[in-house]
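A.B. asks: Here it is, the structure in full.
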Amino acid sequence: MSIRSNLPGYRWFHVFRNAAIRTGVYTGVCLTLVFVTWLVIANHVPFLERFAMERNIAASAVLSLLAAVPVLRFRRMPGNLLASSLIGWFFFSVCYRILCFFYHNLGDSPHSTFHVFMMGSVVYLILTTLSWIGTIVRRARAAAHPSHPNHRAS
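By the working numbering, the letter at position 7 of the sequence shown is numbered 16, and the numbering carries on one by one without gaps.
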C-alpha cells in the first residue's frame with residue numbers, strides 16, 4: 010500500500026507523474042539555471058574575469074553532469090531516455106533563444122538556437138541508440154540462457 014501526500018497545489022503537477030517527463034523538465038530547468046548563472050557571472054561580475062578559464066571549465070562540467078542525469082537514470086529504458094533527454098534539452102534551447110535577445114553576442118555566435126538544439130539532440134540520440142542496442146543484447150542473452158532451474162532442453 011502506497012501513501013501519497015496530497016499537498017496544496019499538487020494537482021497542477023499531475024502531468025509530472027510520468028518519470029520521463031518529470032526528469033526531463035527538472036533537467037531542463039537545472040540546465041537553464043546553471044547556464045543563466047554562468048552567463049550572468051561572465052558578463053556582470055568583472056572582478057572574476059581573471060578566473061575565466063576556471064569558471065568556464067566548472068560551468069561546462071556542471072552542465073555536462075546535469076545533461077547526463079536522464080542518461081544515467083534511464084540507461085536501460087531507451088524510450089524514456091529519449092523522451093526525458095529531449096524534453097530537457099528543448100527547455101535549455103528555449104532558454105538559449107530567450108537569452109539571445111538580452112545578450113546580442115550570444116545570438117551572433119556561430120551556434121544558433123537550432124544548432125544548439127540539434128547538437129544536444131544528436132548526442133542524446135546516439136546515447137539512446139546505444140541504450141537500445143544494449144537492451145537488445147541483454148534480452149538476447151537472457152533468451153539464450155534461461156535462468157529457470159527446471160528448464161530442460163528438448
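The beta carbon of each residue, even a glycine, is placed where N, CA and C say it ideally should be.
Taking the alpha helix (DSSP H) that Y105 belongs to, which residues open and close that run?
C.D. replies: Counting from 1 along the sequence shown, the entry for residue 105 is found at position 96. Taken as a continuous stretch (DSSP letters only), the alpha helix (DSSP H) holding Y105 covers P87 to F111.
A.B. asks: For L40, count neighbouring C-beta atoms within 10 Å of its own C-beta (all shown protein chains included) and say buried if the count is 16 or more, exposed if not.
C.D. replies: Taking the sequence shown and counting its residues from 1, the one referred to as residue 40 is at position 31. The residue in question, L40, is buried, as its Cβ has 16 or more Cβ neighbours within 10 Å.
A.B. asks: Can P79 and G33 be called in contact, C-beta distance under 8 Å?
C.D. replies: Residue numbering aside, residue 79 sits at position 70 when the sequence shown is read from its first letter. Residue numbering aside, residue 33 sits at position 24 when the sequence shown is read from its first letter. Yes.
A.B. asks: Sort S93, M62 and F60 by Cα distance to A76 and report the nearest one.
C.D. replies: The residue given as residue 76 occupies position 67 in the sequence shown. Of S93, M62 and F60, the residue nearest in Cα terms is S93.
A.B. asks: Where do the N-terminal and C-terminal ends of the alpha helix (DSSP H) with A61 fall, by residue?
C.D. replies: As a working mapping, residue 61 is identified with position 52 in the sequence shown. Counting along the chain, the alpha helix (DSSP H) containing A61 begins and ends at A61 to A76.
A.B. asks: With distance defined between alpha-carbon atoms, name the residue in L95, I96 and G116 nearest to Y105.
C.D. replies: Walking along the sequence shown from the start, residue 105 turns up at place 96. Comparing Cα positions, the closest option is G116.
A.B. asks: Classify R84 as helix, strand or coil using the three-state DSSP reduction.
C.D. replies: Translated into positions along the sequence shown, residue 84 becomes position 75. Coil at R84, not helix or strand.
A.B. asks: Using the three-state DSSP reduction, which class does H53 fall into: helix, strand or coil?
C.D. replies: In the sequence shown, the residue the question calls residue 53 occupies position 44. Helix at H53.
A.B. asks: Can you tell me the Cα-Cα spacing of S140 and S102, whole angstroms?
C.D. replies: By 1-based counting over the sequence shown, the position of residue 140 is 131. By 1-based counting over the sequence shown, the position of residue 102 is 93. One C-alpha to the other measures close to 24 Å.
A.B. asks: Expressed to the nearest angstrom, what Euclidean distance is found between the alpha-carbon atoms of T36 and E58?
C.D. replies: Along the sequence shown, one-based indexing puts residue 36 at 27. Along the sequence shown, one-based indexing puts residue 58 at 49. Going from the Cα of T36 to the Cα of E58 covers about 28 Å.
A.B. asks: Given a cut-off of 8 Å, decide if V38 and F83 are closer than it, judged by their beta-carbon atoms.
C.D. replies: The residue you call residue 83 lines up with position 74 of the sequence shown. The residue you call residue 38 lines up with position 29 of the sequence shown. Not a contact, by the Cβ cut-off of 8 Å.
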